[in-house]
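**Q**
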Amino acid sequence: MRYIDKLPDPKGEAAVLGTFVHEILEDLLNLDSAERSLATAKKIAGRVWEETAIDEDFISLCLAEDEVKAFKWRAWRLIEKYFAIEDPKKVQVVEAEQTLAVEIDGVPFYGIVDLTERVGSGLRVVDYKTGKTPRARYVDDKLSQVWLYAAALAETDNEVSEVRLMYLTSGPIDRVVDTNEVSKAVITHRKTWDALCEAIVKNDFPHHVGPLCNWCPYLENCPEGAIEVQRRFGPRS
Ligand code: SF4
117 MRYIDKLPDP KGEAAVLGTF VHEILEDLLN LDSAERSLAT AKKIAGRVWE ETAIDEDFIS
177 LCLAEDEVKA FKWRAWRLIE KYFAIEDPKK VQVVEAEQTL AVEIDGVPFY GIVDLTERVG
237 SGLRVVDYKT GKTPRARYVD DKLSQVWLYA AALAETDNEV SEVRLMYLTS GPIDRVVDTN
297 EVSKAVITHR KTWDALCEAI VKNDFPHHVG PLCNWCPYLE NCPEGAIEVQ RRFGPRS
């Protein structure tokens with residue numbers, strides 16, 4: 117619906133907040149290491165806020181004055197937590213917010229890597245997360261993103277030795293690169309691409325209903341999703 121029908125895809129508060137925090141961290145990490153202090157982060161936050169406040173995704177949230185204040189505080193708490201988790205002055209940045217557009221095993225890949233840093237074992241690819249830490253049974257799912265980043269970076273001759281999901285709410289989930297996991301992520305990427313190509317040829321885009329339909333911005337355009345939501349949660353008020 118977003119890419120084929122080009123229907124609007126409002127970001128929602130959590131995503132807008134995530135973008136705000138990511139931009140602050142990106143600007144912070146792009147400074148010389150000695151300058152990466154909490155006081156500097158505050159100045160950056162003020163500057164990024166000026167852009168966020170007039171961004172259409174933020175405006176579309178229609179927040180009241182007290183809600184805007186709460187939004188800013190939530191973002192700032194995450195920045196403070198980041199400083200509690202690691203000292204950014206010690207991060208050896210190779211690249212922050214790197215846009216990667218490559219082919220992995222012949223399949224197009226586009227992604228923005230939050231951070232590649234130099235660590236004792238070589239290179240670590242890091243993705244910052246502003247949402248809740250996943251339950252143990254969902255961690256592997258979440259890691260598939262950074263495994264794929266590792267495969268994408270390998271296409272640019274940057275062999276990654278470690279991956280990290282940096283949950284600002286709770287701390288990092290770290291893994292040493294596991295070639296089996298990278299291969300699994302690449303195979304899933306290939307299967308997703310093949311399914312997408314087939315759907316485009318057939319002009320048939322089957323629905324995949326599930327619990328998340330209740331939060332889907334396209335629910336009003338999706339009768340199958342509406343039935344699923346009613347089945348799971350009862351009639352909507
Ligand atoms: S409502 Fe559910 S099935 Fe429909 S588009 Fe959204 S997520 Fe997919």
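Just so you know, this note's numbering puts 288 at position 172 of the sequence shown, and the rest follows in order with no gaps. All C-beta atoms, glycine included, are put in the ideal place defined by N, C-alpha and C.
Whole angstroms is fine: what's the gap from residue 186's alpha carbon to residue 145's?
**A** For the purposes of this step, residue 186 is taken as residue 70 along the sequence shown, with counting starting at 1. For the purposes of this step, residue 145 is taken as residue 29 along the sequence shown, with counting starting at 1. Distance between the alpha carbons of residue 186 and residue 145 is about 25 Å.
**Q** For residue 220, count neighbouring C-beta atoms within 10 Å of its own C-beta (all shown protein chains included) and say buried if the count is 16 or more, exposed if not.
**A** Numbered from 1 along the sequence shown, position 104 holds the residue referred to as residue 220. So residue 220 ends up on the buried side.
**Q** Please work out which residues of its chain come closer than 7 Å, Cβ to Cβ, to residue 268, disregarding the five sequence neighbours upstream and downstream, and give them in chain order.
**A** Numbered from its first residue, the sequence shown carries residue 268 at position 152. Taken in chain order, the residues that qualify are 216, 218, 220, 225 and 227.
**Q** What is the residue span of the beta strand (DSSP E) that residue 326 lies within?
**A** The sequence position of residue 326 within the sequence shown is 210, counting from 1. Here residue 326 belongs to no beta strand (DSSP E), and DSSP marks it neither H nor E.
**Q** With a Cβ-Cβ cutoff of 7 Å, do residue 237 and residue 278 count as a contact?
**A** Taking the first residue of the sequence shown as position 1, residue 237 is located at position 121. Taking the first residue of the sequence shown as position 1, residue 278 is located at position 162. Yes, the Cβ-Cβ distance between residue 237 and residue 278 is below 7 Å.
**Q** Measuring only from the beta carbon, is residue 123 closer than 6 Å to any heavy atom that is part of the ligand SF4?
**A** Position 7 of the sequence shown, counted from the start, is the residue given in the question as residue 123. No; taking the cut-off as 6 Å, the Cβ of residue 123 has no heavy atom of the ligand SF4 nearer than that.
**Q** Name the DSSP bridge partner or partners of residue 282?
**A** As a working note, residue 282 is residue 166 in the sequence shown. The partner list for residue 282 (beta bridge, DSSP) reads 244 and 288.
**Q** CA-CA distance, residue 318 and residue 246?
**A** The residue labelled residue 318 in the question sits at position 202 within the sequence shown. The residue labelled residue 246 in the question sits at position 130 within the sequence shown. Their backbone Cα atoms lie some 38 Å apart in a straight line.
**Q** Considering only the beta carbon of each residue, do residue 344 and residue 332 sit closer than 7 Å?
**A** Translated into the one-based positions of the sequence shown, residue 344 becomes position 228. Translated into the one-based positions of the sequence shown, residue 332 becomes position 216. Their beta carbons are not under 7 Å apart, which means residue 344 does not touch residue 332 by this criterion.
**Q** As an exercise, report each continuous alpha helix (DSSP H) stretch of at least 4 residues that is fully enclosed by the stretch 144-227, in chain order.
**A** Segments of the alpha helix (DSSP H) lying fully in the stretch 144-227: 154-169, 172-175 and 181-201.
**Q** Can the beta-carbon of residue 165 be found closer than 7 Å to that of residue 223?
**A** For the purposes of this step, residue 165 is taken as residue 49 along the sequence shown, with counting starting at 1. For the purposes of this step, residue 223 is taken as residue 107 along the sequence shown, with counting starting at 1. Going by C-beta atoms, residue 165 is not nearer than 7 Å to residue 223.
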